[in-house]
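Student: This is the structure, below, for whatever I ask next.
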Amino acid sequence: MSKSAGCCQKCVEYLFYYETPKTLVIPNIGVGCVFRFTQLLVVLYVVGYVCVVQKAYQETDTVISSVTTKVKGFAFTNTSDMDPRFWDVADYVIPPQGDRSFFVLTNMVVTPKQSQSRCPEFPSQSTTCVDDCDCIEGHSDPRGSGIQTGLCVNYSSTVQTCEVLSWCPLEIDTMLPEHALLATAENFTVLIKNSVTYPKFNFHGRNILPHINSSYLKRCEFNRATDPDCPIFRLKHIVSEAGEDFQDMAVKGGILGIIIDWSCDLDWWAGKCYPKYSFRRLDNKNPVNNVAPGYNFRFAKYYKTADGEETRTLIKAYGIRFDVIVFGTAGKFGIVPTIVNLGAALSFLSLVSIHVQSCNMEKHTHTHTHTHFSGKIMTSRI
Amino acid sequence: MSKSAGCCQKCVEYLFYYETPKTLVIPNIGVGCVFRFTQLLVVLYVVGYVCVVQKAYQETDTVISSVTTKVKGFAFTNTSDMDPRFWDVADYVIPPQGDRSFFVLTNMVVTPKQSQSRCPEFPSQSTTCVDDCDCIEGHSDPRGSGIQTGLCVNYSSTVQTCEVLSWCPLEIDTMLPEHALLATAENFTVLIKNSVTYPKFNFHGRNILPHINSSYLKRCEFNRATDPDCPIFRLKHIVSEAGEDFQDMAVKGGILGIIIDWSCDLDWWAGKCYPKYSFRRLDNKNPVNNVAPGYNFRFAKYYKTADGEETRTLIKAYGIRFDVIVFGTAGKFGIVPTIVNLGAALSFLSLVSIHVQSCNMEKHTHTHTHTHFSGKIMTSRI
Amino acid sequence: MSKSAGCCQKCVEYLFYYETPKTLVIPNIGVGCVFRFTQLLVVLYVVGYVCVVQKAYQETDTVISSVTTKVKGFAFTNTSDMDPRFWDVADYVIPPQGDRSFFVLTNMVVTPKQSQSRCPEFPSQSTTCVDDCDCIEGHSDPRGSGIQTGLCVNYSSTVQTCEVLSWCPLEIDTMLPEHALLATAENFTVLIKNSVTYPKFNFHGRNILPHINSSYLKRCEFNRATDPDCPIFRLKHIVSEAGEDFQDMAVKGGILGIIIDWSCDLDWWAGKCYPKYSFRRLDNKNPVNNVAPGYNFRFAKYYKTADGEETRTLIKAYGIRFDVIVFGTAGKFGIVPTIVNLGAALSFLSLVSIHVQSCNMEKHTHTHTHTHFSGKIMTSRI
Numbered sequence: 001m002s003k004s005a006g007c008c009q010k011c012v013e014y015l016f017y018y019e020t021p022k023t024l025v026i027p028n029i030g031v032g033c034v035f036r037f038t039q040l041l042v043v044l045y046v047v048g049y050v051c052v053v054q055k056a057y058q059e060t061d062t063v064i065s066s067v068t069t070k071v072k073g074f075a076f077t078n079t080s081d082m083d084p085r086f087w088d089v090a091d092y093v094i095p096p097q098g099d100r101s102f103f104v105l106t107n108m109v110v111t112p113k114q115s116q117s118r119c120p121e122f123p124s125q126s127t128t129c130v131d132d133c134d135c136i137e138g139h140s141d142p143r144g145s146g147i148q149t150g151l152c153v154n155y156s157s158t159v160q161t162c163e164v165l166s167w168c169p170l171e172i173d174t175m176l177p178e179h180a181l182l183a184t185a186e187n188f189t190v191l192i193k194n195s196v197t198y199p200k201f202n203f204h205g206r207n208i209l210p211h212i213n214s215s216y217l218k219r220c221e222f223n224r225a226t227d228p229d230c231p232i233f234r235l236k237h238i239v240s241e242a243g244e245d246f247q248d249m250a251v252k253g254g255i256l257g258i259i260i261d262w263s264c265d266l267d268w269w270a271g272k273c274y275p276k277y278s279f280r281r282l283d284n285k286n287p288v289n290n291v292a293p294g295y296n297f298r299f300a301k302y303y304k305t306a307d308g309e310e311t312r313t314l315i316k317a318y319g320i321r322f323d324v325i326v327f328g329t330a331g332k333f334g335i336v337p338t339i340v341n342l343g344a345a346l347s348f349l350s351l352v353s354i355h356v357q358s359c360n361m362e363k364h365t366h367t368h369t370h371t372h373f374s375g376k377i378m379t380s381r382i
Numbered sequence: 001m002s003k004s005a006g007c008c009q010k011c012v013e014y015l016f017y018y019e020t021p022k023t024l025v026i027p028n029i030g031v032g033c034v035f036r037f038t039q040l041l042v043v044l045y046v047v048g049y050v051c052v053v054q055k056a057y058q059e060t061d062t063v064i065s066s067v068t069t070k071v072k073g074f075a076f077t078n079t080s081d082m083d084p085r086f087w088d089v090a091d092y093v094i095p096p097q098g099d100r101s102f103f104v105l106t107n108m109v110v111t112p113k114q115s116q117s118r119c120p121e122f123p124s125q126s127t128t129c130v131d132d133c134d135c136i137e138g139h140s141d142p143r144g145s146g147i148q149t150g151l152c153v154n155y156s157s158t159v160q161t162c163e164v165l166s167w168c169p170l171e172i173d174t175m176l177p178e179h180a181l182l183a184t185a186e187n188f189t190v191l192i193k194n195s196v197t198y199p200k201f202n203f204h205g206r207n208i209l210p211h212i213n214s215s216y217l218k219r220c221e222f223n224r225a226t227d228p229d230c231p232i233f234r235l236k237h238i239v240s241e242a243g244e245d246f247q248d249m250a251v252k253g254g255i256l257g258i259i260i261d262w263s264c265d266l267d268w269w270a271g272k273c274y275p276k277y278s279f280r281r282l283d284n285k286n287p288v289n290n291v292a293p294g295y296n297f298r299f300a301k302y303y304k305t306a307d308g309e310e311t312r313t314l315i316k317a318y319g320i321r322f323d324v325i326v327f328g329t330a331g332k333f334g335i336v337p338t339i340v341n342l343g344a345a346l347s348f349l350s351l352v353s354i355h356v357q358s359c360n361m362e363k364h365t366h367t368h369t370h371t372h373f374s375g376k377i378m379t380s381r382i
Numbered sequence: 001m002s003k004s005a006g007c008c009q010k011c012v013e014y015l016f017y018y019e020t021p022k023t024l025v026i027p028n029i030g031v032g033c034v035f036r037f038t039q040l041l042v043v044l045y046v047v048g049y050v051c052v053v054q055k056a057y058q059e060t061d062t063v064i065s066s067v068t069t070k071v072k073g074f075a076f077t078n079t080s081d082m083d084p085r086f087w088d089v090a091d092y093v094i095p096p097q098g099d100r101s102f103f104v105l106t107n108m109v110v111t112p113k114q115s116q117s118r119c120p121e122f123p124s125q126s127t128t129c130v131d132d133c134d135c136i137e138g139h140s141d142p143r144g145s146g147i148q149t150g151l152c153v154n155y156s157s158t159v160q161t162c163e164v165l166s167w168c169p170l171e172i173d174t175m176l177p178e179h180a181l182l183a184t185a186e187n188f189t190v191l192i193k194n195s196v197t198y199p200k201f202n203f204h205g206r207n208i209l210p211h212i213n214s215s216y217l218k219r220c221e222f223n224r225a226t227d228p229d230c231p232i233f234r235l236k237h238i239v240s241e242a243g244e245d246f247q248d249m250a251v252k253g254g255i256l257g258i259i260i261d262w263s264c265d266l267d268w269w270a271g272k273c274y275p276k277y278s279f280r281r282l283d284n285k286n287p288v289n290n291v292a293p294g295y296n297f298r299f300a301k302y303y304k305t306a307d308g309e310e311t312r313t314l315i316k317a318y319g320i321r322f323d324v325i326v327f328g329t330a331g332k333f334g335i336v337p338t339i340v341n342l343g344a345a346l347s348f349l350s351l352v353s354i355h356v357q358s359c360n361m362e363k364h365t366h367t368h369t370h371t372h373f374s375g376k377i378m379t380s381r382i
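Quick note, the sequences are listed as chains A, B and C, same order. full-length UniProt numbering numbers the first residue of the first sequence as 1 and each following residue consecutively. full-length UniProt numbering numbers the first residue of the second sequence as 1 and each following residue consecutively. full-length UniProt numbering numbers the first residue of the third sequence as 1 and each following residue consecutively.
What follows is the structure, given as structure tokens:
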């Protein structure tokens, strides 16, 4: 019984007796300074870099956003190719819904009154012909404009080409106007409404800030220096902030990113969480390795003639696509990242002592002797 | 030679002799309890908070998703302004493709038979005129409706305004119907098909869950209480779940987020990974600082008359844009985060001992004396 | 005064005297080997797994991307239902803008010359009638096709159904062609231009790689083995890489993900950051629990007849929606994650020594005796 009692006591002792490493104090101010200085460095790293610069004590969340855009402005074109024409939003913004990506038409090749019929191909090495034998019925060249009918017909008084079944007359897209047709599009404005959410922190924000009133919104225009909070942007201003020239870009089209950065530190009062706008051209302007430079696409308006035949107006639209890109990471104090970073830094504090100790080891014999000679200098605590 | 041998032996000793800190056991149950209790707190933090609550041992990945939507329903309108008209999906859903963002038309201002021509401006301070001198040819006011022709013409029998070149007749968008035209849109339903992927974990999921069969899908309707897994939503229900009234919202339009949360713990059987639906209005309803409240956009249908002249029907469409927003983070056990979190926690365990030790230090002299008097009580282990 | 001086000196001593734990070297090669081996394991984990495999020393950022797509190709259809017709991009790509999600029409049910009028419902259990009493004026069945007028009219010579107000004639969508109408769509090609940004690292990339020249781009076609960098994809190839058959998929439609993975290690020269393409069908093909399998939507082209009446051609479009999904995480050496991971690993190194010590503890008495008997074997350093 005494044995079991002894065992029990041992257990209690093992569990509840406090155990601490014996340490040795070396009264050498030089070594002590190095030691404390290294500790200071670690502490500075933790406080200065990890906490202040990197905010590593924060949990993070990425933004969820919703964007609406509304373009305003009108233009008037009067060129030799087309009738004088007035353009409003319903004409030049595609698609019309005002999504996060909208396209403003600035230049175009219009091919009106196309219908399903037969016409001669444009002359090229593979389409010119002498007689019907050169044209294969049903053949379709991927670089051609339609399905060959097998006939060889006059393209002009001097050239004969294979006839194709296609939407005729064919589009002549080499005759793109040198100056953008809707050059005045540079004065259009766009209102961007953006609301964001950080679901983890239950934070909701808008790019129309609380301190802005309606009368200001009716007349303001974004300017990085004077009106950095105005959500109304002049297209010319956007393009020039991206380092491009609107008139240049308008001829062949391009893609322009309106980048809204919602990176926020939510530890402070939420009112400090502002959007930051930046602008960048997203397509490549003039690189060597570029296919289909600029930005264009084809769409058609379909009509029916009185006798029921379908015709269409094919439009090869060149213009600027504006992509509103919202990104951001919000940080807020979180216990787990704090613990992890502090813990890791503590490891380094203990590493410091280990490291200095190993240096000390090399002076082993010397110190040892020292202990023997002057017990006062080295005091083993406890 | 004996010297080199001695050096070699020292190296071996240095490498393979095990080195351990001398520790001291203090047989004080009070201090021991505090020590163990602090250790317990650290362990509880690690096990309870880091592992169970925060799941810090997991690697995470964000969701990639694909959404299709399909609206069903039809409406009938019979107002004094317009002919009686039947509306189906192809009429009121814009764009028709059923993307993650779809717009349901609920109200509108229709301006039919517009053509490129000349008409008097609406009377306002800047557009009323007495004679042609008040109107400048080619001038276009950003708040006006077109390009001034330089003539001053009769707007009504009493008012003269500048004539403009524009799509005439001009749109009168102040006459928005007070009650939504397509009020019955609240009974439309939308089927949302959503498939998600977590590429890092090679997980694929769908919002049509495996245990759901086709016959259920044909008749079910989402209800948080009774049918939480049904992917078919009644528009009215969505809007009311977001805390809004459909008929109110339908008049001036708005944006409604259908938020699908795919946050999952993939450590358990994958079947537990379910989508959670929530609904939130994304635009601001009635704030002080609001420009263009609600949601509307203009689009046009283009026609050609028998004599080839282009006319259009301009529609200022008010309605609700539904944005399906899919987000989520999946977590799965990962060795690196586990190690990092355990390691950091271990640092704190060692911090505990350091801390208690420094407390102990203050009792230095006392304990020291103690050792001298009763060698039995304090036993230095090895 | 001497007291205060003594206190001051104590402070200095406390601050600048270096303090190191007493350690004990156990000259047992067996224990030493186990000790060093365990340390080696920890070091191997840190160097091998954390650094090389998991790259845990890196900060990460997620990709921001912009996508343009351009489909090329034309088709010719000649079926009994429709007139022979030539199809080009403006006809079969919806929407036309070339966004990150584009739809290629492959099959359709066309209902031409619909107008707002009255026609008999399709016969079904709820729509067949004997006389007008069976039909309720103004009633609209969600599964029906319009608003009942209250009349019972002849659907055919044998069947009477309720008359509805709707777009008439009604669409008969059960007569979907068994073979895709635009079967030749499999030979269309799509050029995908994708530019990405990692804002944290100020990295910009394009999927048209720097070493590719324009002449190559004009003739190349993506092939995982021979042309893995070409941004031009044949639709048939995309579908077959996703493990599907184009002709099968074209009949009822579907959704196909073109997944571009920009995961990069930016520590190395940026040229190594290449996009990796993969393809996956995103909708469910033939599951048991599927509503509305495939992918289709309805849209209409509106016309006006000479007498001003609006007619439309309703098209139920079946086809393949291609979603370009860009994802990726870039990593670059960061001081915070490095410190955190190293720190955590260091904790484990110290854990090793604690662990071995506790093993040693069990041999307590034995070792203790040992010390007494042979002071030489156990040398306490310092």
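For every residue, glycine included, the Cβ atom is placed at its ideal position computed from N, Cα and C.
So what's B:Ser341 in DSSP terms, helix, strand or just coil?
Tutor: One-based indexing of the second sequence puts residue 341 of chain B at position 341. For clarity, residue 341 of chain B is Asn in the given sequence; the question names Ser instead. Helix.
Student: Taking the runs of the alpha helix (DSSP H) that are 4 residues or longer, which of them lie wholly in the segment 245-301 of chain A?
Tutor: Qualifying alpha helix (DSSP H) stretches, in chain order: 246-252.
Student: Let me see if you follow: with CB-CB separation under 9 Å, is B:His355 close to chain C or not?
Tutor: By 1-based counting over the second sequence, the position of residue 355 of chain B is 355. Confidence at B:His355 is low in this model, with a pLDDT of 38, below 50, so its placement is unreliable and the value that follows should be read with caution. So no, B:His355 is outside the interface.
Student: Under a Cβ-count criterion, where at least 16 other Cβ atoms within 10 Å of its own Cβ denotes burial, should B:Pro120 be classed as buried or exposed?
Tutor: By 1-based counting over the second sequence, the position of residue 120 of chain B is 120. Result: buried.
Student: Could you pull the start and end residues of the beta strand (DSSP E) that B:Gly32 belongs to?
Tutor: Locating residue 32 of chain B in the second sequence gives position 32, where the first residue counts as 1. Taken as a continuous stretch (DSSP letters only), B:Gly32 belongs to no beta strand (DSSP E), being part of the alpha helix (DSSP H) at 29-44.
Student: Within this structure, are the beta carbons of B:Val190 and B:Thr111 separated by less than 9 Å?
Tutor: Your numbering for residue 190 of chain B matches position 190 in the second sequence. Your numbering for residue 111 of chain B matches position 111 in the second sequence. No, Cβ-Cβ distance for B:Val190 and B:Thr111 is not below 9 Å.
Student: With a threshold of 16 other CB atoms inside 10 Å of the CB of B:Ser66, please say whether the residue is buried or exposed.
Tutor: Here residue 66 of chain B refers to the residue found at position 66 when the second sequence is read from its first residue. Per the 10 Å Cβ criterion, buried.
Student: Anyone know if the C-beta pair for A:Ile325 and A:Leu235 falls short of 9 Å?
Tutor: Along the first sequence, read from residue 1 onward, the residue named residue 325 of chain A stands at position 325. Along the first sequence, read from residue 1 onward, the residue named residue 235 of chain A stands at position 235. Against a cut-off of 9 Å, the Cβ pair of A:Leu235 and A:Ile325 comes out as no contact.
Student: Is A:Lys193 buried or exposed, if buried means 16 or more other CB atoms sit within 10 Å of its CB?
Tutor: For this step, residue 193 of chain A is matched to residue 193 along the first sequence. Residue environment analysis places A:Lys193 among the buried positions, since at least 16 neighbouring C-beta atoms fall within 10 angstroms of its C-beta.
Student: With DSSP as the reference, label C:Ala176 as helix, strand or coil.
Tutor: Here residue 176 of chain C refers to the residue found at position 176 when the third sequence is read from its first residue. A small fix is needed here, since residue 176 of chain C is Leu in this sequence, not Ala. If DSSP states are grouped into helix, strand and coil, C:Leu176 belongs with coil.
Student: At a Cβ threshold of 9 Å, is A:Leu346 touching chain B?
Tutor: Locating residue 346 of chain A in the first sequence gives position 346, counting from the first residue. Closer than 9 Å to some Cβ of chain B, the Cβ of A:Leu346 qualifies, so yes.
Student: Just checking: is the beta-carbon of C:Ser66 within a distance shorter than 9 Å of some beta-carbon in chain A?
Tutor: One-based indexing of the third sequence puts residue 66 of chain C at position 66. C:Ser66 counts as touching chain A.
Student: Using DSSP with H/G/I as helix, E/B as strand and the rest coil, what is residue 383 of chain B?
Tutor: There is simply no residue 383 of chain B to check, as chain B begins at 1 and stops at 382 in what is shown.
Student: Where C:Pro95 and C:Ala300 are concerned, what is the direct C-alpha to C-alpha distance, given to the nearest angstrom?
Tutor: Within the third sequence, numbered from 1, the residue matching residue 95 of chain C stands at position 95. Within the third sequence, numbered from 1, the residue matching residue 300 of chain C stands at position 300. C:Ala300 has its alpha-carbon roughly 13 Å from the corresponding atom of C:Pro95.
Student: Check the C-beta distance from A:Val93 over to A:Phe86 and give it rounded, since I have them as a contact under 8 Å.
Tutor: Position 93 of the first sequence, counted from the start, is the residue given in the question as residue 93 of chain A. Position 86 of the first sequence, counted from the start, is the residue given in the question as residue 86 of chain A. Rounded to the nearest angstrom, the Cβ distance from A:Val93 to A:Phe86 is 15 Å, too far for a contact under 8 Å.
Student: With burial defined as no fewer than 16 other Cβ atoms inside 10 Å of the residue's Cβ, what is the status of C:Lys218: buried or exposed?
Tutor: Along the third sequence, one-based indexing puts residue 218 of chain C at 218. It counts as exposed.
Student: Which term fits A:Val356, buried or exposed, when burial requires 16 or more other beta carbons within 10 angstroms of its beta carbon?
Tutor: If you number the first sequence from 1, residue 356 of chain A lands on position 356. With a pLDDT of only 39 at A:Val356, under the threshold of 50, the placement of this residue in the model should not be trusted; the figure read from the coordinates follows. By the 10 Å Cβ count, A:Val356 comes out buried.
Student: Let me see if you follow: with CB-CB separation under 9 Å, is B:Gln39 close to chain C or not?
Tutor: Looking up residue 39 of chain B in the second sequence gives position 39. Cβ-Cβ to chain C under 9 Å: no for B:Gln39.
Student: Looking only at its own chain, which residues have a Cβ that is under 7 Å from the Cβ of C:Lys316, when we skip the five neighbours before and after it?
Tutor: Taking the third sequence and counting its residues from 1, one reaches residue 316 of chain C at position 316. Only residues of its own chain outside the window of five on either side were considered, and among them Met108, Val109, Glu171, Asp173, Asn296, Arg298 have a CB closer than 7 Å to the CB of C:Lys316, listed in chain order.
Student: Kindly list the residues whose CB is nearer than 8 Å to the CB of A:Gly243, restricted to its own chain and excluding five residues on each side of it in sequence; keep chain order.
Tutor: Within the first sequence, the letter at position 243 stands for residue 243 of chain A. Closer than 8 Å at the Cβ level, and outside the excluded window around A:Gly243, lie Arg281.
Student: Ignoring anything shorter than 3 residues, give me the beta strand (DSSP E) runs that lie fully in the segment 63-114 of chain B, in order along the chain.
Tutor: 64-72, 75-77, 85-87
Student: Comparing C-alpha positions only, which one of B:Gln9, B:Pro27, B:Cys7 sits nearest to A:Gln9?
Tutor: Residue mapping note: residue 9 of chain A aligns to position 9 of the first sequence, counting from 1. With distances taken between Cα atoms, A:Gln9 lies closest to B:Pro27.
Student: Using a Cβ-Cβ cutoff of 8 Å, what residues of the segment 161-173 of chain C are near chain B? List them in chain order.
Tutor: Leu165, Ser166, Trp167
Student: Count the other CB atoms within 10 Å of the CB of A:Ser347; is the residue buried (16 or more) or exposed (fewer)?
Tutor: Position 347 of the first sequence, counting from 1, holds the residue named residue 347 of chain A. With 16 or more other Cβ atoms within 10 Å, it is buried.
Student: Taking its Cβ as the centre, do 16 or more other Cβ atoms sit within 10 Å of C:Lys272, making it buried, or is it exposed?
Tutor: Within the third sequence, the letter at position 272 stands for residue 272 of chain C. With fewer than 16 other Cβ atoms inside 10 Å of its own Cβ, C:Lys272 counts as exposed.
Student: Judging by CA-CA distance, which residue of B:Glu178, B:Phe333, B:Glu163, B:Met249 is the nearest neighbour of residue 419 of chain B?
Tutor: The displayed coordinates of chain B run from 1 to 382. Any statement about residue 419 of chain B would go beyond what the structure contains.
Student: Going by the beta-carbon positions, is the gap between B:Gly146 and B:Ser124 smaller than 9 Å?
Tutor: Looking up residue 146 of chain B in the second sequence gives position 146. Looking up residue 124 of chain B in the second sequence gives position 124. Contact: no.
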